[in-house]
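Number of protein chains: 2
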Amino acid sequence: MAQPSRKIAAKRQPNRPRIAPPANARHGRAIRAPRATSAVLVYESLHNEIIALRIEPGAGLSENDLANRYGVSRTPVREALLRLADEGLVEIVPKSGTTVSRIPYAQLNEAIVIRKALEELAVREASRRATKSQITGLWSLVERQREAAKADDRSGFHAADEAFHAAIAEAAGYPGIWHLVNQVKVQVDRIRHLTLPEGGRMLRVTKEHAAVLTALEKRDGERAVAAMRSHLDGLENSLPEIRRRNPDLFVDQVGVFVLPGPAGRKTRSQ
Amino acid sequence: MAQPSRKIAAKRQPNRPRIAPPANARHGRAIRAPRATSAVLVYESLHNEIIALRIEPGAGLSENDLANRYGVSRTPVREALLRLADEGLVEIVPKSGTTVSRIPYAQLNEAIVIRKALEELAVREASRRATKSQITGLWSLVERQREAAKADDRSGFHAADEAFHAAIAEAAGYPGIWHLVNQVKVQVDRIRHLTLPEGGRMLRVTKEHAAVLTALEKRDGERAVAAMRSHLDGLENSLPEIRRRNPDLFVDQVGVFVLPGPAGRKTRSQ
DNA sequence: CAGGCACATCTTGCATACAAGATATGGAAA
DNA sequence: TTTCCATATCTTGTATGCAAGATGTGCCTG
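The listed protein sequences correspond, in order, to chains A and B.
Using the working numbering, the first residue of the first sequence is number 4, and each one after it goes up by one.
Using the working numbering, the first residue of the second sequence is number 4, and each one after it goes up by one.
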């Protein structure tokens with residue numbers, strides 16, 4: 004491949020956009036205003052399927068198969084897979100194949116610790132800077148969440164949960180924190196569906212949010228941080244039990260052999 | 004686009020890799036063991052050019068031009084640009100064009116604050132968990148940095164600087180922190196070359212690292228955190244002056260019009 | 001029966017052609 | 001002169017074909 008022959012600058016380029024693109028990409032991958040292209044649709048579909056564990060960790064993905072399945076060509080499928088690989092949800096081996104990543108168990112604890120650090124920063128700052136209207140909005144989110152919990156609407160509950168955390172970051176003046184948290188918690192999200200429907204969990208989480216918000220409203224930053232911390236401790240403790248129940252979904256260390264023969268447990272999807 | 008007709012799982016797929024891919028993707032984009040493909044080479048080249056401001060913020064990039072310049076087809080160029088767009092270094096407007104992002108000034112402070120939170124977490128934990136050999140390795144990095152500073156080797160100095168921070172995260176047992184920090188500080192890196200060669204800066208930074216490490220070695224976590232914090236405060240204060248000297252490189256808010264006519268200052272590259 | 005090697009067949013990486021939309025340009029009309 | 005519109009030409013998005021490597025299969029050889 005040739006090196007660029009000269010400094011890149013500006014021969015006349017007649018078709019240059021005059022409007023700065025929408026404020027999507029903040030710190031990185033993040034939201035990216037859906038361009039509604041086939042590639043984005045495929046990406047979102049695969050992302051959801053993988054996060055929801057509807058595609059089994061370790062399963063093979065073929066660009067051709069996916070292209071047929073979605074009725075598009077390999078090009079947008081490939082674009083989607085490359086983004087998923089950057090997120091760590093699939094693993095591409097150059098001339099060989101692409102598989103859905105197993106959940107890297109060692110990263111789960113790390114992800115939770117990092118998330119706590121980021122969200123504590125957010126809630127501390129939000130306690131100082133949140134406006135009255137932002138606090139009102141947060142209360143309405145808590146209320147919406149309570150309603151979803153009572154109606155046993157898990158999907159709506161989860162949506163309100165995410166909106167709450169995003170709004171905290173927004174109120175802190177650091178909206179990028181929520182984007183980062185979203186990146187960090189990708190693998191953690193995959194085990195969300197594995198938590199047993201422990202009775203009253205949703206109402207408990209709602210109360211924890213309310214506790215955070217009560218402290219925040221009183222501008223008691225440290226108490227808000229503590230409440231957020233204990234809120235986020237919830238999942239961490241249940242990790243070992245979840246793994247015990249679903250051993251095949253996890254992997255200890257990436258880069259090791261997966262024993263395929265009769266000696267090892269058959270871990271490949273088929 | 005058709006929806007996938009049935010649950011994705013496992014018709015027989017003869018060519019499935021048996022070796023788990025190398026442990027590249029940790030939390031996200033991150034390192035990704037260089038696949039030495041054309042797309043990666045183009046990506047790395049463009050990434051470096053943009054970070055070093057050798058390509059002007061606001062300049063237009065055409066896939067065709069880049070393909071010619073690098074002597075490859077549009078396909079790998081496109082793959083590189085998509086990754087850069089996810090990182091926030093370029094902005095793609097669908098059927099119109101691609102430009103190098105201007106530096107979003109508002110995000111710089113946020114990035115620095117987030118970085119501080121992450122690195123404080125890392126150094127606190129490293130103070131507890133670092134092994135003797137890790138501490139020895141850190142001292143050698145400080146020494147290497149001191150040598151580069153004395154030799155006025157800015158590039159070597161910067162490499163050692165980054166290695167030091169990465170090693171702290173490693174010693175903390177949270178290597179993913181460094182990957183996150185790398186993502187967060189992308190835009191900040193772009194103004195690194197704009198700092199005036201304030202005399203003795205490199206030696207001062209080296210001393211700050213030594214202070215962090217001295218506290219860490221004594222297992223005095225809080226003092227190490229404080230040292231790291233003041234270390235990272237350095238750049239934050241110089242932001243306004245840097246912007247004052249290079250107003251065209253920055254943008255306040257994304258999503259606004261860029262006045263192209265004679266009424267406004269001509270901000271496009273050509 | 002065991003080991004090894006050639007080959008068929010899959011995989012991803014890249015090049016190229018086409019499609020559809022956005023912008024700039026130039027001329028026509030007021 | 002100013003405004004508007006048709007159009008040429010650029011842009012990115014997608015489809016498709018080819019290339020090169022990797023893996024599984026089965027025959028061949030010992």
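Where a beta carbon is used, it is the ideal one built from N, C-alpha and C, also for glycine.
Pick helix, strand or coil for residue 208(B), following the three-state DSSP scheme. helix
Would you please verify whether the beta carbon of residue 82(B) is less than 8 Å from any beta carbon of chain A? Cβ-Cβ to chain A under 8 Å: yes for residue 82(B).
Taking Cβ-Cβ distances below 9 Å as the criterion, which residues of the region 214-248 of chain A are in contact with chain B? none
Step through the CB atoms of chain B and report whether any lies within less than 8 Å of the CB of residue 97(A). At least one chain B Cβ lies under 8 Å of residue 97(A).
Once you ignore the five residues that flank residue 141(B) on each side, which residues in its own chain have a CB closer than 8 Å to its CB? 133, 167, 170, 171, 174, 216, 219
Taking a cut of 9 Å between CB atoms, which residues from the region 170-192 of chain B lie near chain A? For the region 170-192 of chain B, the residues whose beta carbon sits under 9 Å from a beta carbon of chain A are, in order, 176, 177, 178, 179, 180, 183, 186, 187, 189, 190.
For residue 64(B): DSSP bridge partner residues: In DSSP, residue 64(B) forms a bridge with 101(B).
Write down the C-beta distance between residue 93(B) and residue 103(B) rounded to the nearest angstrom, noting that I regard them as a contact closer than 8 Å. Yes, they are in contact, since the Cβ atoms of residue 93(B) and residue 103(B) sit about 6 Å apart, within 8 Å.
Under a three-way DSSP split, which group does residue 178(B) fall into? For residue 178(B), the secondary structure class from DSSP, reduced to helix, strand or coil, is helix.
Count the other C-beta atoms from every protein chain shown that fall within 10 angstroms of the C-beta of residue 55(B), then say buried if there are 16 or more, exposed otherwise. exposed
Can the beta-carbon of residue 198(B) be found closer than 8 Å to that of residue 145(B)? no
Under 8 Å, do residue 123(A) and residue 189(A) count as touching if we go by C-beta distance? no
Sub-8 Å separation of residue 88(A) and residue 45(A) beta-carbons: no
I need the DSSP call for residue 93(A), collapsed to helix, strand or coil. strand
Between which residues of its own chain and residue 163(A) is the CB-CB distance below 7 Å, once the five residues before and five after are set aside? 144, 147, 148, 151
Between residue 191(B) and residue 111(B), is the Cβ-Cβ spacing less than 8 Å? yes
Taking Cβ to Cβ, would you say residue 205(B) is nearer than 8 Å to residue 160(B)? yes
In chain order, what residues of the region 36-55 of chain B put their CB closer than 8 Å to some CB of chain A? 38, 40, 41, 44, 45, 48, 52
Look at the alpha carbon of residue 181(A) and the alpha carbon of residue 224(B), and state the distance between them as a whole number of angstroms. 27 Å
With DSSP as the reference, label residue 75(B) as helix, strand or coil. coil
Any beta carbon from chain A within less than 8 Å of residue 113(B)'s own beta carbon? So yes, residue 113(B) belongs to the interface.
Which value, in whole angstroms, describes the spacing of the CA atoms of residue 235(B) and residue 120(B)? 10 Å
Check whether residue 97(B) and residue 40(B) have beta carbons under 8 Å apart: no
C-beta neighbour in chain A for residue 207(B), strict 8 Å: no
Tell me which same chain residues have a C-beta within less than 8 Å of the C-beta of residue 95(A), skipping the five on either side of it? 84, 85, 88, 101
Contact set between residue 117(B) and chain A, taken where Cβ atoms lie within less than 9 Å: Here the neighbours are 30, 121, 124, 177, 179, 180, 183.
Any C-beta of chain B sitting closer than 8 Å to the C-beta of residue 89(A)? At a cut-off of 8 Å between beta carbons, residue 89(A) contacts chain B.
Which term fits residue 47(B), buried or exposed, when burial requires 16 or more other beta carbons within 10 angstroms of its beta carbon? exposed
Would you check if the distance between the CB atom of residue 255(A) and the CB atom of residue 62(A) is smaller than 8 Å? No, these two residues do not count as a Cβ contact at 8 Å.
Can you list, in chain order, the residues of its chain whose CB lies under 6 Å from that of residue 75(A), leaving out five sequence neighbours each side? 41
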